[in-house]
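The sequence shown finishes on residue 959 if you use our numbering, and the numbering steps up by one all the way, no holes.
In this text, a Cβ means the ideal position worked out from N, Cα and C, and glycines have one as well.
Presented below is the structure to which this report refers.
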Amino acid sequence: MADRISRVNRVNRDAIFSGLNDDQRRAVEAVRGPVCILAGAGSGKTTTITRRIAWQVESGTFGPGEILAVTFTDKAAGQMRLRLAALGVRGVAARTFHSAALAQLRHFRPDERRVLPSKVLHLRRIADSLPGAYRFRPAADLATEIEWAKNRRLVPATYRRALDGHEPPIPADLMERVFREYERRKEKLGLMDFEDLLEGTIRLFDEDDTAPAVFRDRYRAFTVDEYQDVNLLQQELLERWLGGRDEVCVVGDDYQAIYGFTGATPRYLLDMPRRFPQAAVFRLEENYRSTPEILALANRLVPRLGGSDKVLRATRSGGAAPALSVFPERKDEVAAVIAGIRELAGGGVAWEEIAVLYRTNARSEEFEEALGAAGIPYQVRGGSFLEREAARRVLAELGSSVSTDVAGAVREAARGQGLAGGAAKGLGEYETTRQEDLARLVELAAEFSDGSRTVADFLAHLRERFAPGGEERGVQLLTYHRAKGLEFEAVFLPHLEDRELPARQAKEDDAVAEERRLLYVGITRAKRHLFVSRAAKGRPSRFLGELGLRPARSGREPPRVVEAGEDPLFDLLRRWRRERAQADGIPAYVVFHDRTLAEIARLRPESAGELAEVAGVGPAKLERYGEEVLRTLASV
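Structural data, given as structure tokens:
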């Protein structure tokens, strides 16, 4: 029996320590707290803390039921449970802050209120009563502001006094009114939101002698992942859980602290050694994700990132050095990104392993349109142009109108949704995106309107123009925030310009510092290919100077468009396109862009297979226009 137990323990030990580098191993072996793990991007953070928990159990330091591991998403908690199970460890509680708090409230106070899944619906109704254009502000901006306040343990009565330079999405007196009415309605309906879960659990521990005693008797060791994203409310709850004990391991990267708008701060991570002078501190700096060239670029930001120094070291082989490409106009930059994506795919990189990052959701539209025109499948994380609030509401209002004054109808619908018609101050990210989407809809309608086609035709045109290009998973379009925690073979970082990154809202030093960390996150998402670009007309981002990037001698240029009369075959294809567009009642560029026709004329494909290889000819367009194009080419 003893031999069998020894053999099992040896197998478990081998599995736990297999493949760890020296720094990871030392962190795993530190089974007693307090422990602080400063984990750089791509350094095997999840592997390290999962193995540490497994070794806490296998070494007999703690039983699995005595450990509570806290993450920030249900997905991360589930991943941790799966990894522990693969190591033979079951029974460890891996939960989010909110699910752990809910379980405690339900156990000790089973008559607690129901949980409100989203603030947005209730706030939309409250916002409808606001004066003037303020009633059009997205409820999501108001929800973010209330979360900002409640994560700082503010209530309506203390909200305005605590702003201290913080700018709400609407005037402070109106925001306080919204906050107060939201709390009143929620209380009346017997509901609690996610911040109430944490606040209620804190009060439970402060007011009930039984609850903390029972909880602390069960849970004796704690692990907190992504500790740089903890806010005051979560930190206060963690301190109640600990109850003066120090059996806690925190892991995080202050360089990736990008959620200041929620009240999150890396201060608790950085102050860990001060709060616990006996804490063991480990740094994970070996990066398993990116090439040395990409990490060298990211490390150039380190002197300005502050916090705890971490210089990432590559374990992968070398690759191409990132360079800055500058293009005359934004449309040229977008075209170059599409050409680059096509080239990567031709070299064997899967569509879904290519990502285009941007600062706000409003920037997805130009890439959706360009990818759709090129026949490249794509997916938008966080809501595509037509799925976002502005387009949904305007399109719903227009319905199936048969008016031929398309530009006027769309302009009036956009004004009815609160189109500001100019740059407004103090807008949150959701409202900024909404205003830009409304303006873009008006611009698209003006381009489309010709006095003969109807609003219904315009709506159909929009749905075709912004179709994702296929059912398969495609190129990923997402914001820097949504990219955190993900990785891709190739990453495009376009629009590296002032007022884009850093964003125009970033005025104070702390806000600019967070924008710099966003760029650091973006760079470190790339495994092997990283492309940085901007348009010449915009002012270059201040961060480009910190990166030491200068324009490449020969940046990737968009495909040249042939001029009319320069190539008879190109002219013939244009005539065919004009006739086909008129027959279908759609703009000519919806059939094919000039760039695509120029490439067809240059390559002169002789079969459907060869035509499918041309950039801009996707499966849908090949099926619809392929035979006609080939007949046109054969007629010369």
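| Query | Result |
| --- | --- |
| With distances taken from CA atoms, which of Lys860, Ile846 and Arg590 is nearest Arg822? | Lys860 |
| Provide the residue(s) that pair with His852 in DSSP beta bridges, ordered along the chain. | Ala813 |
| Nearest by alpha-carbon distance to Ala931: which of Val913, Val952 and Ala924 is it? | Val952 |
| Looking at Leu561 and Val553, is the spacing between their C-beta atoms short of 9 Å? | yes |
| For the segment 497-517 against the segment 529-544, are there 3 or more C-beta pairs whose distance is under 8 Å? | no |
| For Arg598, report the span of its alpha helix (DSSP H) as first-last. | Met595 to Arg598 |
| Considering only the alpha carbon of each residue, which of His784, Arg623, Glu504 and Tyr582 lies closest to Leu870? | Arg623 |
| In the DSSP assignment, what are the bridge partners of Asn610? | Ala637 |
| In this structure, how does DSSP classify Gly575 when only helix, strand and coil are distinguished? | strand |
| In the DSSP assignment, the beta strand (DSSP E) including Thr802 goes from what residue to what residue? | Val798 to Thr802 |
| When the Cα atoms are used, what is the spatial distance from Glu794 to Leu816? | Residue placement at Glu794 cannot be trusted, given a pLDDT of 43 that sits under 50; what the coordinates show is reported in the next sentence. So the two alpha carbons sit approximately 25 Å from each other. |
| How big is the Cα-Cα spacing for Phe584 and Ile390? | 31 Å |
| Is the segment 610-621 touching the segment 845-858, taking contact as three or more C-beta pairs under 8 Å? | yes |
| In chain order, what residues of the same chain have a beta carbon less than 8 Å from the beta carbon of Leu322, not counting five sequence neighbours either side? | Residue coverage of the chain in this structure runs from 324 to 959, which leaves residue 322 outside it and unanswerable. |
| Please report how far the alpha carbon of Arg598 lies from the alpha carbon of Pro589, in whole angstroms. | 14 Å |
| Using C-beta distances below 6 Å, list every residue in its chain close to Glu656, excluding the 5 sequence neighbours before and after it, in chain order. | Phe650, Pro817, Ser856 and Ala858 |
| Classify Tyr482 as helix, strand or coil using the three-state DSSP reduction. | helix |
| Do you know whose CA, among Ala644, Leu465 and Arg484, lies nearest Ile449's CA? | Leu465 |
| Note down, in chain order, each residue of its chain lying with its Cβ closer than 7 Å to the Cβ of Arg827, except the 5 sequence neighbours on either side. | none |
| By the three-class DSSP mapping on this structure, what secondary structure does Val952 have? | helix |
| What residues in its chain sit with their C-beta under 8 Å from that of Tyr948, if we drop five residues either side in the sequence? | Arg903, Val914 and Phe915 |
| Label Ala685 either buried or exposed according to how many other C-beta atoms from any shown protein chain fall within 10 Å of its C-beta, with 16 as the threshold for buried. | buried |
| Could you tell me the distance, in whole angstroms, from the CA atom of Tyr457 to the CA atom of His784? | 31 Å |
| Leu593: which of Gln347, Arg413, Leu628 and Ala485 sits nearest, CA to CA? | Leu628 |
| Would you mind working out which of Tyr550, Leu896 and Gly567 sits nearest Ala587, comparing C-alpha positions? | Tyr550 |
| Does the segment 626-644 touch the segment 371-391, meaning 3 or more C-beta pairs lie closer than 8 Å? | no |
| Using only the alpha-carbon positions, how far apart do Ala399 and Leu892 sit? | 56 Å |
| From Ala424, Glu712, Asp728 and Ile661, pick the residue whose C-alpha is nearest to that of Ile677; which is it? | Ile661 |
| Which term fits Thr755, buried or exposed, when burial requires 16 or more other beta carbons within 10 angstroms of its beta carbon? | buried |
| Among Phe866, Glu810 and Glu922, which one has its Cα closest to the Cα of Ala836? | Phe866 |
| Suppose the cutoff is 6 Å on Cβ atoms and the five residues either side in sequence are ignored; what does the same chain contact list for Arg883 look like? | Only weak support exists for where Arg883 lies, its pLDDT of 46 falling under 50; the coordinates are left without a value. |
| Who are the Cβ neighbours of Thr777 in its own chain at under 8 Å, not counting the five residues just before and after it? | Ser724, Val725, Ser726, Thr727 and Val729 |
| Starting from Leu628, trace the alpha helix (DSSP H) in both directions and tell me its first and last residue. | Val625 to Leu628 |
| Can Leu343 and Val351 be called in contact, C-beta distance under 9 Å? | yes |
| Taking a contact to mean a Cβ-Cβ separation below 9 Å, would you say Val940 touches Gly698 in this structure? | yes |
| In this structure, what does DSSP give as the bridge partners for Glu823? | Ala826 |
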